[in-house]
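To keep things clear, I will list the structure first and then write my remarks on it.
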Amino acid sequence: MSGSTDDIVSLILPPNEADQMDGQLVSDYTSQLSSLGVRALTGEPHRLADTRAAAIDRTQQLAYNHYKTFISNADSTQRVTNDFYATEHTVDAVLAAVPRLVTECQQFSAAAKAICDRWRDVSQMLANHPQILEVLEIPQLMDTCVRTNYYEEALQLYAHVQTLAKRHGESVPIISSIAKDVDVFREIMIAQLLKDLSVNIQLQNCLKIIGYLRRTDKFTETELRIKFLTARDQWLSSMIKEIPANNPLIHITKVIETNRVNLFDIITQYRAIFADTDQIVPQHYTYYGLTTQSTGGSGGRDFTDGAIINSWVLFKVNQFLDTLRADVKRCVNNEFGHYYPIESIVEPVFYFGLSMSRIGADFRPQLIPIINDAIADRFARVVADATHK
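In the working numbering, the protein residues as written are 1251 to 1639.
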């Protein structure tokens, strides 16, 4: 508005009301007042009063005629206001729940991913069910093979499981569990194989059993040699223990024959199985080795794979010589009221020593003092008995 117009407005309206009214409307009305004459301007307040009264009357008439609408509008306004307040509170609650919703959505997403992964694994497992079943049945199958002496098949299963364990043992726990179960049956198989070595078996079966034991990867070559000799020694010792000891002459005669046949067979089996075996107790220190064995010496030789069979042969020879001394002493002691003809064992025992010479274990020099002492003792006892009579 122009300056003159502002002055007129300030005269007509209070300052606060002029600021609150529409400027364009005030400007138009002021222009209209400026164009009025004195008479019209003088009657303007009455006209405005009449206009105001008419407006109030129309308003009252409108309120009277449409009071229900006003009441309804007021109620609607109140409801809308209340709804806005409720919406505001709801929005606040939603905003407060959004972080939790985000967290739960993330958890749901992770759970859904885990379920999908699990479903994929299960689907793959179902698709490969026959192969998985074969792997799971390996321990039971190996148990059956071991119990029915199908050692070749059992070793193939063991080798297959070892390959699986190396590839997947750390990442697949069930493979490690299967490998442990298979190890248990391997130990049972080893025990059965060692037991089979402790009976009367032929060279072909010995070769097969040792081949199985090698493939179990349980023993070193040295341990395998010791296990073989231990098992065969158990069988030979059990045969000797079964010989009746009532008659010392018969006992030593059967002991000689049993040792001569079976000891030579065991050594032959050993040398055939372990082809790199050195000669058994070389001839030039046979006697020296036997004497040092009895006194606890080693003869200056290292305990190598070749010395294992040497030590065992020396042990068995000394064991036989101890049995020979004991039985000859019983024959000489006249414990049954008569003397046994000990000269009848001289030929068999020396033949036994001669047989052992073929494998480099000639112990005939050790027999001479035993026989000489027995004959001398026998002669002394016969002379004493004759003198006494």
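All C-beta atoms, glycine included, are put in the ideal place defined by N, C-alpha and C. Given the structure is predicted, the values throughout are model-derived calculations rather than measurements.
Rounded to a whole number of angstroms, what is the C-alpha to C-alpha distance between residue 1379 and residue 1489?
Distance from the CA atom of residue 1379 to the CA atom of residue 1489, rounded to whole angstroms, is 53 Å.
Given a cut-off of 8 Å, decide if residue 1382 and residue 1375 are closer than it, judged by their beta-carbon atoms.
Yes.
Three-state secondary structure (DSSP) of residue 1542
Bear in mind that a pLDDT of 36 at residue 1542, under 50, signals an unreliable position, so the number given afterwards is only what the model happens to contain. In this structure, DSSP gives residue 1542 a helical state, which the three-state scheme calls helix.
Taking its Cβ as the centre, do 16 or more other Cβ atoms sit within 10 Å of residue 1581, making it buried, or is it exposed?
By the 10 Å Cβ count, residue 1581 comes out buried.
CA nearest to the CA of residue 1605, picked from 1444, 1514, 1522 and 1277:
Ranking 1444, 1514, 1522 and 1277 by Cα distance to residue 1605 puts 1514 first.
Which runs of the alpha helix (DSSP H), 4 residues or longer, sit entirely within the segment 1357 to 1432?
Listed in chain order, the complete alpha helix (DSSP H) runs (minimum 4 residues) inside the segment 1357 to 1432 are 1379 to 1386, 1388 to 1397 and 1401 to 1418.
So, for residue 1395: in the same chain, excluding its five sequence neighbours on each side, which residues have a beta-carbon less than 6 Å away from its beta-carbon?
Within the same chain, residue 1395 has close Cβ partners 1403 and 1404.
Assuming contact is defined by CB atoms lying nearer than 8 Å, are residue 1506 and residue 1602 in contact in what I supplied?
Contact flag set, yes.
Quick one: grab the DSSP three-state call for residue 1638.
DSSP places residue 1638 within a helical segment (H, G or I) once states are collapsed to three.
What separation, rounded to the nearest whole angstrom, lies between the Cα atoms of residue 1600 and residue 1441?
Distance between residue 1600 and residue 1441, taken at the CA atoms: about 38 Å.
Considering only the beta carbon of each residue, do residue 1457 and residue 1523 sit closer than 8 Å?
Less than 8 Å separates the beta-carbon of residue 1457 from that of residue 1523.
For residue 1618, count neighbouring C-beta atoms within 10 Å of its own C-beta (all shown protein chains included) and say buried if the count is 16 or more, exposed if not.
Burial call: exposed.
Quick one: what's got a C-beta closer than 8 Å to residue 1469's C-beta in the same chain, skipping five residues either side?
Same-chain partners within the cutoff: 1463 and 1477.
Integer-rounded CB distance, given that residue 1453 should sit under 8 Å from residue 1519
The pair is a contact, with the Cβ atoms about 5 Å apart (cut-off 8 Å).
Using only the alpha-carbon positions, how far apart do residue 1632 and residue 1493 sit?
Near 29 Å, if we compare the C-alpha coordinates of residue 1493 and residue 1632.
Please tell me whether residue 1428 and residue 1385 are closer than 8 Å, where the distance is taken between their beta carbons.
Residue 1385 sits close to residue 1428, with the two beta carbons spaced by under 8 Å.
As assigned by DSSP and simplified to three states, the class of residue 1613:
The answer is coil: DSSP assigns residue 1613 none of H, G, I, E or B.
For the candidate residues 1510, 1512 and 1503, whose alpha-carbon lies nearest to that of residue 1594?
Considering only alpha carbons, the answer is 1503.
Identify whether residue 1649 lies in helix, strand or coil by the three-state DSSP scheme.
Because the chain is modelled from 1251 through 1639, residue 1649 falls outside the range shown and cannot be assessed.
Below 8 Å between beta carbons: does that hold for residue 1486 and residue 1516?
The Cβ-Cβ distance between residue 1486 and residue 1516 falls below 8 Å.
Have a look at 1481, 1422, 1460 and 1437 and flag the residue whose alpha-carbon is nearest the alpha-carbon of residue 1449.
It is 1481 whose Cα lies nearest to the Cα of residue 1449.
Identify whether residue 1350 lies in helix, strand or coil by the three-state DSSP scheme.
In the three-state DSSP reduction, residue 1350 falls in the helix class (H, G or I).
Going by DSSP, what residue range makes up the alpha helix (DSSP H) through residue 1465?
Going by DSSP, residue 1465 is part of the alpha helix (DSSP H) stretching over 1453 to 1465.
Go ahead and label residue 1286 buried or exposed: buried means 16 or more other beta carbons lie within 10 angstroms of its beta carbon, across all protein chains shown.
Classification for residue 1286: exposed.
Residue 1596 vs residue 1620 beta-carbon contact at 8 Å:
No. Outside cutoff.
Give me the Cα-Cα distance between residue 1616 and residue 1627, rounded to the nearest whole angstrom.
C-alpha separation (whole angstroms): 18 Å.
For residue 1492, does the three-state DSSP call read helix, strand or coil?
Look at residue 1492 here: in three-state DSSP terms it is coil, with no helix or strand label.
Output the boundary residues of the alpha helix (DSSP H) element that contains residue 1293.
It spans 1288 to 1315 - the alpha helix (DSSP H) in which residue 1293 sits, taken as one unbroken run.
Mind reading off the beta-carbon distance from residue 1426 to residue 1409? Whole number of angstroms is fine, and I expect it under 8 Å.
The Cβ separation is near 17 Å, so there is no contact.
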